[in-house]
Structure formats: C-alpha cells, structure tokens
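Protein chains: 2
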Amino acid sequence: MRRDVFQAIADPTRREIIQMVATTPLNVNTVAENFDVSRTAVYKHIKILTECGLIVMRQKGRERYCEAQLERLQEVADWAELYKKMWSARFGLLDNVLEGLQAKDKKPGRKK
Amino acid sequence: MRRDVFQAIADPTRREIIQMVATTPLNVNTVAENFDVSRTAVYKHIKILTECGLIVMRQKGRERYCEAQLERLQEVADWAELYKKMWSARFGLLDNVLEGLQAKDKKPGRKK
DNA sequence: TTATTATACAACCAAAAGGTTACATATATT
DNA sequence: AATATATGTAACCTTTTGGTTGTATAATAA
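Each protein sequence line maps, in turn, to chains A and B. In terms of full-length UniProt numbering, the first sequence has 45 at position 45, counting the first letter as 1, and numbering is strictly consecutive. In terms of full-length UniProt numbering, the second sequence has 18 at position 18, counting the first letter as 1, and numbering is strictly consecutive.
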C-alpha cells in the first residue's frame with residue numbers, strides 16, 4: 001500500500017475530490033453524488049486521500065465530513081518548483097528574474 | 001494509455017530519472033545503470049516520460065540522450081500552489097502575508 | 001567482415017489499481 | 001419498534017502498471 005502524495009494526486013478523480021472539498025467540507029455521499037462511479041469507488045478514493053493526509057474525516061451524527069488538509073501539497077509544490085526553476089534557468093529566465101529584483105530595489109514602485 | 005504529467009510523476013523511479021537528467025542529458029544505458037531493475041524496465045519509464053513531454057530523446061550515433069524538458073511541470077506547480085494557497089488562507093496566513101506587504105511599504109527594510 | 005555495443009520492442013507475468021455488488025452497522029426518523 | 005439513511009467493508013472482477021526474458025536492428029570497433 002504505497003501512499004505517498006504524488007501517487008495520491010495522480011488519479012484525476014482524486015484531484016476532483018480535492019477540488020470539491022477544498023473550500024467546504026462535504027459528507028461522503030455528497031461527494032459521491034458528483035461522480036458517475038459508485039459510492040464505494042468514491043469512498044475508496046476518499047480513503048486513500050485520508051491515508052496520505054490530504055483529507056481528514058470528521059464525524060457529525062451519522063455523517064462523516066471530508067475536510068481538506070492540504071499542507072502536504074507543499075511537498076509537491078516544492079518538487080515541481082525546483083525543477084521548473086532549473087528548467088527556466090537553462091533559458092536564462094532566472095537571469096531575468098534576478099535582473100528584475102535588482103531593478104525593483106532601485107525603483108520600488110515599478111510594476112511588471 | 002493515460003499520459004498526463006500527474007500520472008507520469010507518480011512513480012518514484014520516474015522522479016529519480018527526472019532528477020538524473022535534469023542538469024545533464026544522459027543516454028539510456030547510463031540512466032539504466034543507476035537502477036537495480038532491468039534496462040528494459042527503465043527504458044519503459046523513459047518512454048512514458050517522453051510521451052508526456054517531460055523528456056526529449058536526441059540521437060547521437062548509436063546512443064540516444066535523454067534531455068529534460070520540464071516546462072510541463074508548470075501545470076503541477078500551479079495546481080499544487082493553488083491549493084497550498086487556499087489552505088494557507090484558511091489559517092489566516094494569507095492575512096499575514098498581506099499585512100507583511102503593507103508593513104513592507106511603510107518599512108522597506110523590515111525582515112520577517 | 002565480424003564482433004560488440006546501444007537501443008527498440010514483442011511476449012509474457014504478477015501485483016496493484018479501480019471498479020462492481022452485496023452485506024453489515026450505526027445513527028436518525030416515523 | 002420499525003424504517004430509512006449514511007457509512008464501512010468484504011469479495012470479486014477487469015484493466016493497468018511495472019517488471020521480466022528473449023529477440024531484432026542499427027551503429028561502432030576490431
């Protein structure tokens with residue numbers, strides 16, 4: 001049972017679930033209603049997301065609400081950002097960024 | 001044959017391959033030597049990475065060099081960044097950032 | 001020309017992933 | 001108490017994934 005964040009977000013359904021609960025917690029059935037696969041299938045996706053810490057379940061009566069807990073996406077953001085920067089650097093874009101920063105120091109109000 | 005970037009980077013071996021060729025292009029065998037699975041297995045991973053546009057192959061004699069082409073990681077960076085921000089906002093960290101920016105306007109040299 | 005080297009790829013296999021239906025359980029509702 | 005609702009989970013199935021070995025082909029070296 002590999003349960004790292006990269007693998008968790010590989011599935012498009014799971015990314016949709018994240019999107020759904022990112023702003024408002026939703027109970028399992030409400031999440032499931034928005035997909036054309038079975039409730040059980042959606043439940044399994046939710047389980048995977050909780051197991052890797054991207055969602056927490058909060059019981060409320062007989063319902064369980066899925067609440068986004070997205071700080072573990074930091075790992076993904078950092079990883080992608082690192083290589084994006086490497087890639088940019090190859091094309092001298094990093095130089096432009098640095099140049100931009102220097103210019104900003106001299107002209108603080110400068111836009112773009 | 002689903003071949004989106006999220007799925008491509010889900011596999012740890014493929015992330016290692018990306019790391020290896022991120023700075024210097026390497027031929028297939030050189031990449032393969034660094035793993036304890038067969039050359040064929042590594043070759044398949046490389047193929048997946050080329051199919052989703054994260055690597056390009058450049059022939060040089062009988063060798064083929066794997067060259068990183070990582071701009072498509074932008075999609076991943078953007079996605080993770082979006083939800084990371086949403087998450088931060090929930091805890092008022094965004095407020096702090098905004099506050100920080102305002103403070104910076106008044107006291108430009110301020111640290112932290 | 002005859003190896004040797006670097007790569008491509010077919011054929012096959014086991015395990016994991018993603019799905020299903022059926023059933024169990026706990027909490028409302030009537 | 002009886003029924004309905006929301007959820008958890010077992011058992012099963014199919015497809016995909018990640019791996020293997022073996023063979024074919026193209027470029028280089030001897």
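We treat Cβ as the ideally placed atom computed from N, Cα and C, and that holds for glycine. None of the values given here were measured: they were computed from a predicted structure.
Asked, Found
"Output needed in chain order: residues of the region 19–41 of chain B with a Cβ under 9 Å from some Cβ in chain A.", "GLN19, ALA22, THR23"
"Restricting to runs no shorter than 3 residues, where is the beta strand (DSSP E) found entirely within the UniProt domain \"HTH arsR-type\" (1–88) of chain A?", "55–60, 63–68"
"Cα separation between A/THR52 and B/GLU63?", "Contrary to the premise, residue 52 of chain A reads as Cys rather than Thr in this sequence. Spanning the two alpha carbons is a distance of roughly 40 Å."
"Name the chain A residues whose beta carbon is nearer than 9 Å to that of B/LYS44?", "Going along chain A, no residue has its Cβ under 9 Å from B/LYS44, so there is no contact; the nearest lies around 17 Å."
"Could you name the residues of chain A that B/MET86 contacts, counting a contact when the two beta carbons are closer than 9 Å?", "ALA22, THR23, ALA68, LEU70"
"Can you grab the Cα-Cα spacing for the pair A/ALA68 / A/ALA22, in whole Å?", "5 Å"
"Would the region 30–39 of chain A count as touching the region 39–57 of chain B if we require 3 or more Cβ pairs under 8 Å?", "no"
"Short of 7 Å in beta carbon distance, which residues of its chain neighbour B/ILE55, apart from the five on each side in sequence? Order them along the chain.", "VAL21, ILE46, LEU49, CYS66, GLU67, ALA68, GLN69"
"Any Cβ of chain B within less than 9 Å of the Cβ of A/GLU51?", "no"
"Measure the CB-CB distance between A/VAL42 and A/THR24 and report whether it falls below 9 Å.", "no"
"Hey, how far is the Cα of A/PHE6 from the Cα of B/PHE35?", "20 Å"
"For A/ASP78, is the classification buried or exposed, using 16 other Cβ atoms within 10 angstroms of its Cβ as the cut-off for buried?", "exposed"
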